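Trainee: Be aware that the sequence shown starts at 10, since it is given in our numbering, and climbs by one per residue.
Don't be surprised by glycine CBs; every beta carbon is placed ideally from N, CA and C.
Since the model is a prediction, treat every value here as computed from it, not as a measurement.
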Amino acid sequence: MNSTISTVLIEDNKEAANYLSSILKTHFHNIEIIATSDNVRDSITLLNNHSPEIVFMDIELIDGDAFQVLDAIDHYDFEVIFISAHNNYIEKSMEYYALNFLTKPIEVDQLINVLKRYRNLKKRLFTKQKYITLKEFLTESRLLIHTGNEHIALDISTIIKCEADGNYCLFSLSNKSNYLASKPLKYYESLLFEKGFFRANRSTLVNIKHIHSIYKKEALVLSNKEKIIVSVRNKPKLSELIKSLS
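1) Should Lys234 be labelled buried (16 or more other beta-carbon atoms within 10 Å of its own) or exposed?
2) Quick check on DSSP: helix, strand or coil for Ile165?
3) Along the chain, where does the alpha helix (DSSP H) containing Tyr224 start, and where does it finish?
4) Gly73 to His160, Cα distance in whole Å?
5) Return the CA-CA distance between Gln77 and Ser52, expressed in angstroms with no decimal places.
6) Tell me, which residues are paired with Ser15 by DSSP?
7) What does the alpha-carbon distance come out to for the pair Thr157 and Leu189?
8) Can you give the Cα-Cα distance for Glu149 and Ser30, rounded to whole angstroms?
9) Leaving aside the five residues before and after Ser212 along the sequence, list all residues of the same chain whose C-beta is less than 8 Å from its C-beta, in chain order.
10) For Ile168, collect the residues of the same chain with a Cβ closer than 7 Å to its Cβ; drop the 5 residues on either side in sequence, then sort them by chain order.
11) Just tell me which of Arg242, Ser240, Ile251, Ser15 has its CA closest to the CA of Tyr127.
12) Could you tell me the distance, in whole angstroms, from the CA atom of His59 to the CA atom of Val17?
13) DSSP puts Ser93 in a beta bridge; with which residues?
14) If you measure between the beta carbons of Phe91 and Ile71, is that distance less than 8 Å?
15) Between Asn48 and Glu20, what straight-line distance do the alpha-carbon atoms span, to the nearest angstrom?
16) Compute the beta-carbon to beta-carbon distance between Ala26 and Thr45, rounded to the nearest angstrom, for a pair I have assumed lies under 8 Å.
17) Under 6 Å Cβ to Cβ from Asn109, same chain only, skipping five residues before and after it: list those, please.
18) Does the distance from the C-beta atom of Glu198 to that of Leu214 stay below 8 Å?
19) I need the boundaries of the alpha helix (DSSP H) containing His59, first residue and last residue.
20) Would you kindly check if the distance between the Cβ of His36 and the Cβ of Ile165 is under 8 Å?
21) Check Lys170 in the structure and name its three-state DSSP category.
22) Within its chain, find whatever has a CB closer than 8 Å to the CB of Asn187; leave out the 5 residues flanking it on each side and keep chain order.
23) Going by DSSP, which residues form a beta bridge with Val241?
24) Could you have a look at Tyr177 and say whether DSSP puts it in helix, strand or coil?
Right, here's the structure in full:
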């Protein structure tokens, strides 16, 4: 890893935070810790105002948990490494497409392997530079997606919804075609955020041009007759959407 990697540490235990910081400074001279936090509220503000590449997140914080932080952020393109003294969070951490899950106390060799994995990941499509390059392909009307064997250009106006499918994203089009893209939903959400797409719930991104009606301010009826339930967390955003479209 040659270029500097900006990093944020979210940890409510001062000793643990100092220990992790010491490991990073000793073994990874190209890692820059740009900010730290120990609670949910400040972490949300911090991550909305900074653009780290990697975030180390203790799961249990003084006023909540790391999942609340990620749920409160509209979109993000950083990689998350969860940290916890308990391994019962491993399954849930995978729902947030974590780069890895480390148990306390952190072992230096384990951390080295995780960051080597990130270096290899940077060589592929999820690097910041490649992310920017791909974003340049995104014009007002087209999106380039990778389906495994080929890259396909989609007309954005034909995309009805994007749905999380594990570490993949399923695109449903108005011509009834479906494409399984080899990147997670959060990746495409970052690309489509300013292109008229609404995050209905944790797993579904909807093209507002294909919203046929809004049922009781809790569900979206799409142009293909499908009904998408809006999560409780996103209902305030739905109210904002209704006002902006009315």
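Mentor: Reading off the structure:
1) The sequence position of residue 234 within the sequence shown is 225, counting from 1. Exposed, since its Cβ has fewer than 16 Cβ neighbours within 10 Å.
2) Translated into the one-based positions of the sequence shown, residue 165 becomes position 156. For Ile165, the secondary structure class from DSSP, reduced to helix, strand or coil, is helix.
3) Locating residue 224 in the sequence shown gives position 215, counting from the first residue. From DSSP, Tyr224 is part of no alpha helix (DSSP H) but of the beta strand (DSSP E) over 220–224.
4) Numbered from 1 along the sequence shown, position 64 holds the residue referred to as residue 73. Numbered from 1 along the sequence shown, position 151 holds the residue referred to as residue 160. When the Cα atoms are used, Gly73 and His160 turn out to be separated by approximately 41 Å.
5) Against the sequence shown, residue 77 aligns to sequence position 68. Against the sequence shown, residue 52 aligns to sequence position 43. Cα-Cα distance, rounded: 10 Å.
6) On the sequence shown, residue 15 is found 6 positions in, with the first residue counted as 1. Beta-bridge partners assigned by DSSP to Ser15: Glu41.
7) Indexing the sequence shown from 1 puts residue 157 at position 148. Indexing the sequence shown from 1 puts residue 189 at position 180. According to the sequence as given, residue 157 is Gly; it is not Thr. If I take the Cα positions, the gap works out to 9 Å.
8) The count along the sequence shown starts at 1 and reaches residue 149 at position 140. The count along the sequence shown starts at 1 and reaches residue 30 at position 21. A caution first: Glu149 carries a pLDDT of 49, below 50, which makes its placement in the model too unreliable to give a value.
9) One-based indexing of the sequence shown puts residue 212 at position 203. Hits under 8 Å: Glu172, Ala173, Leu194.
10) Here residue 168 refers to the residue found at position 159 of the sequence shown. Cβ within range, chain order: Phe180, Leu182, Asn216.
11) The residue you call residue 127 lines up with position 118 of the sequence shown. Answer by Cα proximity: Ser15.
12) Translated into the one-based positions of the sequence shown, residue 59 becomes position 50. Translated into the one-based positions of the sequence shown, residue 17 becomes position 8. C-alpha separation (whole angstroms): 9 Å.
13) Numbered from 1 along the sequence shown, position 84 holds the residue referred to as residue 93. Partner(s): Thr112.
14) Stepping through the sequence shown from its first residue, residue 91 is reached at position 82. Stepping through the sequence shown from its first residue, residue 71 is reached at position 62. Not closer than 8 Å, so no.
15) On the sequence shown, position 39 is the one that residue 48 refers to. On the sequence shown, position 11 is the one that residue 20 refers to. Counting only the Cα atoms, Glu20 lies some 8 Å from Asn48.
16) Along the sequence shown, one-based indexing puts residue 26 at 17. Along the sequence shown, one-based indexing puts residue 45 at 36. At roughly 6 Å, the Cβ-Cβ gap stays under 8 Å, so Ala26 and Thr45 are in contact.
17) Within the sequence shown, numbered from 1, the residue matching residue 109 stands at position 100. The residues are Ile90, Val123.
18) Stepping through the sequence shown from its first residue, residue 198 is reached at position 189. Stepping through the sequence shown from its first residue, residue 214 is reached at position 205. Glu198 is a Cβ neighbour of Leu214, given a cutoff of 8 Å.
19) Along the sequence shown, read from residue 1 onward, the residue named residue 59 stands at position 50. Per DSSP, His59 belongs to no alpha helix (DSSP H) and is neither H nor E.
20) One-based indexing of the sequence shown puts residue 165 at position 156. One-based indexing of the sequence shown puts residue 36 at position 27. It is not a contact, given that the beta carbons lie outside the stated cut-off.
21) On the sequence shown, position 161 is the one that residue 170 refers to. Three-state result, Lys170: strand.
22) Numbered from 1 along the sequence shown, position 178 holds the residue referred to as residue 187. Contacts found: Leu179, Phe180, Ser181.
23) In the sequence shown, counting from the first residue as 1, residue 241 sits at position 232. Per DSSP, none; premise fails for Val241.
24) As a position in the sequence shown, residue 177 is number 168, starting the count at 1. When DSSP states are grouped into helix, strand and coil, Tyr177 belongs to the strand group.
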